[in-house]
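The block underneath contains the structure these notes are about, expressed in structure tokens.
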Amino acid sequence: MKTTAAQGRWFGAGILTAAAVASVAMGAGQSVADTTPPTPTSITISGTDHYVGTAYTITVHCQVQSTVGVAIDSDPYDGDLLGGRAIAPDANLLATVQWTPTTTGTHVVQAYGCASGAGWPGSRPPTATLAVVVTNAPPASTGSASGSAGIPIIGPLLSKLFG
Numbered sequence: 360m361k362t363t364a365a366q367g368r369w370f371g372a373g374i375l376t377a378a379a380v381a382s383v384a385m386g387a388g389q390s391v392a393d394t395t396p397p398t399p400t401s402i403t404i405s406g407t408d409h410y411v412g413t414a415y416t417i418t419v420h421c422q423v424q425s426t427v428g429v430a431i432d433s434d435p436y437d438g439d440l441l442g443g444r445a446i447a448p449d450a451n452l453l454a455t456v457q458w459t460p461t462t463t464g465t466h467v468v469q470a471y472g473c474a475s476g477a478g479w480p481g482s483r484p485p486t487a488t489l490a491v492v493v494t495n496a497p498p499a500s501t502g503s504a505s506g507s508a509g510i511p512i513i514g515p516l517l518s519k520l521f522g
């Protein structure tokens, strides 16, 4: 059987129509929503050892662009927010605030908000916590040393020779 040009055009048009109908029925052309869950809100603090009287930067790694209240060892709903107010994350979803510990021991940093659209003050319990151990600063070195005492064998001999 020989196909004429007109039949070929009708056949092609029919295929295109069927493809268009199937495409609409299957939802093609619509964007597919990203179903990857956001990274959980987390907290980091500068430094590895933490001492009384030293300032540290606390960073809350947020899931979304919403405000966050940060508190240390207290209920921020009583008004004890670090920095005195809620903070907003930057374009990289990082919210930072300074903290200078005043007592030793294990302190709990708490972030309220900054997750799944729940900003401060609508988030309770905390969306993230971090335990930080604070100690007294080690004693400062005086930087002095005795030259001859540091050489165990010839130190005393040098002392006798040069007084």
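Going by the working numbering, 521 is the number at position 162 of the sequence shown; the sequence numbering is gapless. Ideal placement from N, C-alpha and C gives every residue a C-beta, glycine not left out.
query	result
Same chain only: Cβ atoms within 8 Å of T461, ignoring 5 sequence neighbours per side	V411 and G412
T488 vs V467 beta-carbon contact at 8 Å	yes
Whole-number beta carbon distance between N495 and T463, since they are thought to touch under 8 Å	6 Å
Contact under 8 Å by Cβ, C421 with L452	yes
Pick from P497, V429 and S433 that is closest to T403, judged by C-alpha positions	V429
Sheet register partners of A430 (DSSP bridge)	Q469
Bridge partners - Q457, DSSP secondary structure assignment	T416
Counted within 10 angstroms of its Cβ, other Cβ atoms place P497 as buried (16 or more) or exposed	exposed
Beta-carbon contacts of A490 that lie in its chain and below 6 Å, excluding the five residues immediately before and after	T465 and V467
Pairwise C-alpha distance: D432 and Q469	8 Å
Distance, Y471 Cα to A445 Cα	9 Å
Opening and closing residue of the beta strand (DSSP E) in which L452 lies	Per DSSP, L452 belongs to no beta strand (DSSP E) and is neither H nor E.
Classification of T400 by the beta-carbon crowding that lies within 10 angstroms, buried from 16 upward	buried
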